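Structure, as structure tokens:
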Amino acid sequence: MVKVVSPDDGDVFGSLVLCGEDCNWDPVVFDMLIKAYVKANMIEQGFGTFRRSVEVGFVPSVVACNCLLNGLVKLRCVDRCWEVYEEMGRIGIHPNAYTFNMLINVLCKDKDVDKVNEFIEKMEEEGFDPDVVTYNTLINSYCRKGRLGDAFYLYKIMYRRGALPDLFSYTALMNGLCKEGKVREAHQLFHRMVHRGLSPDTMSYNTLICGYCKEGKMKESRSLLYEMIGNGVRPDSFTCRVVVEGYGNESKLLSALNLLSELERFEIPISPDIYEYLVVKLCEENRPFAAKSLLERISHYGYVPDIDVYNELILSLCKCNYVAGALALKAEMVNKNIKPNIVTYRALIDCLCKINKSVEGEYVMKEMVKFGVPPDTAICKALINGYCKEMDINRAESLLGFFAREFQIFDTESYNALVKVLSENADVTTLMELQDRMQKELELQGKMPCVPYLDDLGFCSI
DNA sequence: CTAGGGTTAG
1 MVKVVSPDDG
11 DVFGSLVLCG
21 EDCNWDPVVF
31 DMLIKAYVKA
41 NMIEQGFGTF
51 RRSVEVGFVP
61 SVVACNCLLN
71 GLVKLRCVDR
81 CWEVYEEMGR
91 IGIHPNAYTF
101 NMLINVLCKD
111 KDVDKVNEFI
121 EKMEEEGFDP
131 DVVTYNTLIN
141 SYCRKGRLGD
151 AFYLYKIMYR
161 RGALPDLFSY
171 TALMNGLCKE
181 GKVREAHQLF
191 HRMVHRGLSP
201 DTMSYNTLIC
211 GYCKEGKMKE
221 SRSLLYEMIG
231 NGVRPDSFTC
241 RVVVEGYGNE
251 SKLLSALNLL
261 SELERFEIPI
271 SPDIYEYLVV
281 KLCEENRPFA
291 AKSLLERISH
301 YGYVPDIDVY
311 NELILSLCKC
321 NYVAGALALK
331 AEMVNKNIKP
341 NIVTYRALID
351 CLCKINKSVE
361 GEYVMKEMVK
371 FGVPPDTAIC
381 KALINGYCKE
391 MDINRAESLL
401 GFFAREFQIF
411 DTESYNALVK
421 VLSENADVTT
431 LMELQDRMQK
441 ELELQGKMPC
451 VPYLDDLGFC
461 SI
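The following block contains the structure:
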């Protein structure tokens, strides 16, 4: 398509007016300009063109006004919609059914139902009957507000008014029913719709499938999905997501994976988001290896996990104490130029310390420092507790000093853990010497000395 | 002789 306008254009309107002095032109160009601006998402310029056309004395067509309205609605500029509508009245442009339907849609998004009905009365006075779009807009609005009774009332009078319900009408009503947990009734309505000769499309299938999924009725969802494929209606990304998440909520991840393989056999494209959802979900359900193999499978399609997905995997591997796999993934991240963050390192260090590999934990901590990610209190706790558990009191003490000096981390809990191990394995003198050394460390940092730690341990009676 | 175009959904 040829680009008619772009954001760095100058004064197109002005140029057109100047042009008009030299050659034969039709003011229809202003209509086209308005439409071009709306299409290019330059609504301000579209609005400006509308204004200036009116000033110059040219009356834009109703279709141009509708274009502008449509653009304004999409950007939720409600007030400006009414400005356009008033201006139309002032200069004698007659609104048509499109205009009214768009404005009714604007009113429906508000809470005030009376306003809508008033407006419709006015519209009828001007000689326009509500058409199928009008009814659908109203039905949809009632359904969204949970007013199913009103919605079905309109559905019934549509026949009498000669506006036959279409796919939009049925889909809106089914959606309303599903929201109230009445998915069986929605399905009956679906049957009635088919019986009346309408062919369900992706949207109507999706609505029903979504309703079943929300209620955890995955068998029904699945058979509808097959039904839709059988009828030549292609599932889209919404269908896939809704069904996979439906299985996910029921913790039936294997079923979800099987279904996706089936869909792939039908050459239905699966969005990476859906696979990513499953990878994360498998991690959450403590199945990091399944998650990892899924990740490898989709990597062949060019999917590249981001740091959050990597962290989920690493967290899950660590939670199951598969620290070697977690470290390997961290290395993979670094290779792919994805910088591990505090979450990554916290998980790894925590896990290493838990399985009595605190020396390795400290090594990882040094690496994060080298990469410019400062450790936090949780990492301090993990390492000190780890060393204490492994009875490596000297390393614990020197690390405590390191965290204080380099990162201003003064963690009472870690200190107490150290004191506790010492109290169980050394004499009071050694303990007092430790406290002296730590107090000096704190004074060096300009911190007040300090907290009767020994109290906590029942040594206080000294 | 005529030019181009607008509305509702999960």
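So that you can map any letter, position 349 of the first sequence is 349 in UniProt numbering, and since no number is skipped, the others follow by simple counting. Beta carbons are placed, not taken as given, at the ideal position from N, Cα and C, and that holds for glycine. Just so we're clear, the structure is a prediction, and the values are computed from it rather than from any experiment.
Cα-Cα, which of the options is closest to residue i?
i	options	result
S169	E180, V304 and R196	R196
Y247	L107, K281, P272 and Y226	K281
N394	V113, I268, L431 and F371	L431
F371	D392, T377 and T344	T344
V421	L444, D411, F410 and A396	A396
E405	L418, T429, K330 and P375	Before going on, a small fix: residue 405 reads as Arg here, not Glu. Ranking the options by Cα distance to R405, first place goes to P375.
R222	M193, D166, K145 and E262	E262
L294	Y277, I307 and D308	Y277
E367	K339, H187, A378 and D392	K339
Y155	K179, E118, I120 and M193	M193
G216	E185, K252 and E125	K252
C77	V62, H191, N41 and V56	N41
L167	R147, N140 and P200	P200
M88	C108, V73, D114 and V54	V54
A256	F266, R265, R241 and I91	R241
D79	L138, Y135, L107 and I274	L107
I307	K35, N286, P272 and V334	V334
K109	K39, I139 and E121	I139
Y322	G149, G92, I349 and S299	I349
G46	P27, V59, V56 and G71	G71
P305	R51, K336, R287 and I91	K336
I91	F50, D114 and D112	F50
C67	E264, I43 and V59	I43
D273	E285, L260, E267 and F266	L260
Y310	Y301, V113 and E296	E296
Y135	E126, K145, G146 and F152	F152
A328	Y301, F289, H300 and I298	F289
L254	I229, H94 and R287	R287
Please go through the same chain and pick out, in chain order, the residues whose beta-carbon is closer than 6 Å to the beta-carbon of residue i, but skip the five residues on each side of it.
i	result
T202	V233 and D236
C318	A326, A347 and C351
V2	Note on V2: pLDDT 45, under 50, position unreliable in the model; the coordinate value appears next. Around V2: no qualifying Cβ.
S61	D31
F403	C380 and I409
I need the boundaries of the alpha helix (DSSP H) containing residue i, first residue and last residue.
i	result
H195	V183 to H195
G246	S237 to N249
Y275	P272 to E284
G401	I393 to F407
M228	M218 to G230
M102	A97 to K109
M42	First-last for M42: undefined, no H or E at that position.
V364	S358 to K370
P288	P288 to S299
L253	L253 to R265
L434	V428 to L444
A382	T377 to K389
C318	I307 to K319
Y155	L148 to R160
E215	It is not in any alpha helix (DSSP H) - E215 carries neither H nor E in the DSSP assignment.
If I measure Cβ to Cβ from residue i and keep anything under 8 Å in the same chain, skipping five residues before and after, which residues do I get?
i	result
L224	Y205, L208, I209 and Y212
L69	C81, V84, Y85, T99, M102 and L103
L315	C283, V343 and A347
Which residues in the same chain have their Cβ closer than 7 Å to the Cβ of residue i, if we skip the five residues on either side of it in sequence?
i	result
D456	Caution is warranted here: a pLDDT of 47 is assigned to D456, below 50, making its placement in the model unreliable, and no coordinate value can be reported.
C353	G361, A382, L383, N385 and G386
C450	Per-residue confidence for C450 stands at a pLDDT of 48, beneath the threshold of 50, marking its modelled position as unreliable; the derived number appears in the next sentence. Counting only Cβ-Cβ distances below 7 Å, and skipping sequence neighbours, we find Q439 and L442.
M123	F100
E220	Y212
L444	none
N175	C143 and T207
V133	N101
E390	N356 and S358
P165	Y155 and M158
K292	L313
Y303	P272 and Y275
F407	P374 and P375
Give the C-beta separation of residue i and residue j to the nearest angstrom, bearing in mind that I take them to be a contact with Cβ-Cβ under 8 Å.
i	j	result
F128	A97	6 Å
C388	L418	6 Å
residue 471	L189	Nothing can be reported for residue 471: it is not among the residues displayed for the chain, which extend from 1 to 462.
T377	I355	With a Cβ gap of about 21 Å, T377 and I355 do not count as contacting.
S423	L400	Incorrect: roughly 16 Å between the Cβ atoms, too far for contact.
C73	N105	Correcting the residue type first, residue 73 is Val in the shown sequence and not Cys. That belief holds up - the Cβ atoms of V73 and N105 are roughly 7 Å apart, short of 8 Å.
G218	E250	The sequence shown places Met at residue 218, rather than the Gly named in the question. With a Cβ gap of about 6 Å, M218 and E250 count as contacting.
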